[in-house]
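> Residue numbers (our numbering): 1 to 429. Where a beta carbon is used, it is the ideal one built from N, C-alpha and C, also for glycine.
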Amino acid sequence: MMMTLKLGAVSAETKMDEAVSKRIDERALEVEKSVIACRRDIHQNPELGNREFRTSKLIADRLRALGIEVQTPIAHTGVVGLLRGGKPGGVVALRADMDALPVSEQVDLPFASKARTSYNGSEVGVMHACGHDAHVAILLGVADVLSSIRKEIPGTVKFLFQPAEEGAPAGEEGGAKLMVKEGALENPKPDAVFGLHVTSRFPVGTVAYVSGGAMAAVDTLTIKVHGKQTHGAYPWLGVDPIVVASQIVLGLQTVASRQLDSSLAPSIVTIGVIRGGVRNNIIPDDVEMIGTLRSLDKAMRDELHHRVRLTAEKIAESAGAKADVTIETGYPITYNDPALTSRMAPTLEAVAGKSSTLVTRPVLGAEDFSFYQEKVPGLFFWLGTRPANVREADAASNHSPLFYIDESGLLLGVRALSHIALDYLGKGR
């Protein structure tokens, strides 16, 4: 008799879970058109980091209309929403970034961005070339879906709408780091945090994830090579910092390929700027180089810094020059907690379908979602938005002026985050 009662209770709970899951999918389908319309509105009115005033107001107004508690401003233009469920339970956070890029759109769309603004002293076009407009629209859709079943939610859902993921303006703080600093993960503190990113790497209708290091830590490298100025006809009378800088660029390529264990995790050293000299026949005193360091393992990151510094300094010393090396640490590794990833993978498979849920490779791009993951376990996954008839090789990448999103994929994003939130809270029972 006792066993019969227990089985009956489990059956009733299972039926309730199935009913709630069905309601999530039905409501997600109902809000799909409004999600697409919201994305187009934000796309047509993009704003750079820490300047997302219109976007922030739109988000706050919509959350309040859904009966969700709102905290704003935070981290300049950020918005935090709090949806308290009808049942006791844990806390889960969902994040969307809001900022656009200084890119002039080249996609022929009726809602293409025509916006222009000032950036670092220059007039630039502004475009959601990384898909953050889709992230905001998706998360607002999730807020709508979950608010419609709030009585069934066992716990609290925290919505993090974050500015300046692409970096704050010069001289300002911003992004996830400032969100954390100003208390976005407090009162209440989430037990886990989830986020997604649209990408043309994968076709529409798919999701992809990596357990462990998913996206790289990113650091800014500056090397100033000091030589001795002289006439270009008599280089032996000075020390040529341009030649030294050239040797350093080549030497740095051996750090990742020959000095670090590439079987552990990939890393990369890229020099993107070289500045020096004013005239064809004058060897200058100094050359400045600026680059980026990327790594997917914490210990390797430290070793990468050491090896880059040593290589640059010793090459310069061997030529009678001097190299001053500065490494400014940026975003940490976007690290998907393995236990959390394993726990939530079945949810992604149930939502997208097993064949459309891909376990993929890490990438050397970076994400400031990593600052949240330093405080609580997190999972960050990719949402495919490349049109089905376009090959990956032909699709414009994120940050391109030709970046394009197949909006039919936004519904899957809404469903995925909605189910993840509820399943995470529900599995904690």
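Need the endpoints of the alpha helix (DSSP H) that Phe-111 sits in, please.
Where Phe-111 is concerned, there is no enclosing alpha helix (DSSP H), given that its DSSP letter is neither H nor E.
> For Pro-401 and His-419, I'd like the C-alpha separation in whole angstroms.
33 Å
> By DSSP, does Gly-251 sit in helix, in strand, or in coil?
helix
> Quick one: what does DSSP say Tyr-424 is sitting in, helix, strand or coil?
helix
> In whole angstroms, what separates the C-alpha of Asp-219 from that of Phe-380?
Here the alpha carbon of Asp-219 sits roughly 20 Å from the alpha carbon of Phe-380.
> What does a CB cutoff of less than 8 Å around Thr-4 pick up in its chain, not counting 5 residues either side in sequence?
Since pLDDT at Thr-4 reaches only 42, below the 50 mark, its modelled position is unreliable, and the value read off the structure follows with that caveat. Correct list: empty, nothing qualifies.
> When DSSP builds the beta bridges, which residues end up paired with Asn-50?
Partner residues in a beta bridge of Asn-50, as assigned by DSSP, do not exist.
> Whole angstroms are fine: how far does the CA of Arg-40 sit from the CA of Ala-319?
56 Å
> Output the residue ranges of the alpha helix (DSSP H) runs that lie fully inside the segment 165-215 and measure 4 residues or longer, sorted by chain position.
The segment 165-215 contains these whole alpha helix (DSSP H) runs: 175-181.
> Pull up the distance between the alpha-carbon of Val-31 and that of Glu-186, whole angstroms please.
Straight-line Cα distance between these residues: approximately 30 Å.
> Taking Ala-170 as the reference, give the member of Leu-221, Asp-240, Asn-50 with the closest Cα.
Asn-50
> For Thr-199, count neighbouring Cβ atoms within 10 angstroms of its own Cβ and tell me buried if that reaches 16, exposed if not.
The residue is buried, with at least 16 neighbouring Cβ atoms inside 10 Å.
> Do Ile-333 and Gly-213 count as a contact pair if the criterion is CB distance below 7 Å?
yes
> Round the Cβ separation of Val-244 and Ile-315 to the nearest angstrom and send it over; I've been treating them as touching at under 8 Å.
7 Å
> Mapping the DSSP letters down to three states, classify Gln-106 as helix, strand or coil.
coil
> Going by DSSP in three states, Thr-360 sits in which element: helix, strand or coil?
Annotated three-state conformation of Thr-360 is coil, per DSSP.
> For Asp-240, which option in Asn-398, Ser-262, Ser-267, Glu-288 has the closest C-alpha, if you only look at C-alpha atoms?
Glu-288
> With a 10 Å radius around its C-beta and 16 neighbouring C-beta atoms as the bar for buried, classify Val-278 as buried or exposed.
exposed
> On the premise that Val-103 lies in contact with Gly-86, defined as a C-beta separation below 8 Å, what is that separation, rounded to the nearest angstrom?
Contact flag wrong, Cβ pair sits at about 44 Å.
> Run through DSSP, which three-state label would Val-390 get?
coil
> Would you kindly report the start and end of the unbroken beta strand (DSSP E) that includes Ile-274?
267-275
> Measure the C-alpha to C-alpha separation of Ala-9 and Leu-101 and round it to an integer number of angstroms.
Only weak support exists for where Ala-9 lies, its pLDDT of 48 falling under 50; the value from the coordinates is given anyway. One C-alpha to the other measures close to 53 Å.
> Any idea if Asp-368 is buried or exposed, counting beta-carbon neighbours within 10 angstroms, 16 or more meaning buried?
Looking at its Cβ environment, which holds 16 or more other Cβ atoms inside 10 Å, Asp-368 is buried.
> Express the C-alpha separation of Arg-150 and Glu-18 in angstroms, rounding to a whole number.
16 Å
> Taking only the alpha-carbon atoms, compute the straight-line gap between Trp-236 and Gln-229 and give it to the nearest angstrom.
10 Å
> Any chance the segment 386-396 sits against the segment 113-127, with 3 or more Cβ pairs inside 8 Å?
no
> Can you give me the C-alpha to C-alpha distance between Leu-348 and Glu-313, rounded to a whole angstrom?
48 Å
> Assuming Phe-403 contacts Ala-393 (C-beta within less than 8 Å), just tell me the rounded distance between them.
Phe-403 to Ala-393, Cβ: 15 Å. No contact.
> I need the DSSP call for Phe-371, collapsed to helix, strand or coil.
Helix.
> In the structure shown, what three-state DSSP assignment does Leu-5 receive?
Caution applies to Leu-5, whose pLDDT of 38 falls short of 50 and renders its modelled position unreliable; the value that the coordinates give is listed next. Helix.
> Please classify Val-126: does DSSP put it in a helix, a strand, or coil?
coil
> Whole angstroms are fine: how far does the CA of Leu-29 sit from the CA of Leu-411?
7 Å
> Quick one: what's got a C-beta closer than 8 Å to Gly-131's C-beta in the same chain, skipping five residues either side?
His-197, Val-198, Thr-199, Thr-385, Asn-398, Phe-403, Ile-405
> Does the segment 358-377 come close enough to the segment 64-80 to have 3 or more Cβ pairs within less than 8 Å?
no
> With H, G and I counted as helix, E and B as strand and the rest as coil, what does DSSP make of Val-70?
strand
> Please report the straight-line C-alpha distance between Met-300 and Ile-24, rounded to a whole angstrom.
Spanning the two alpha carbons is a distance of roughly 43 Å.
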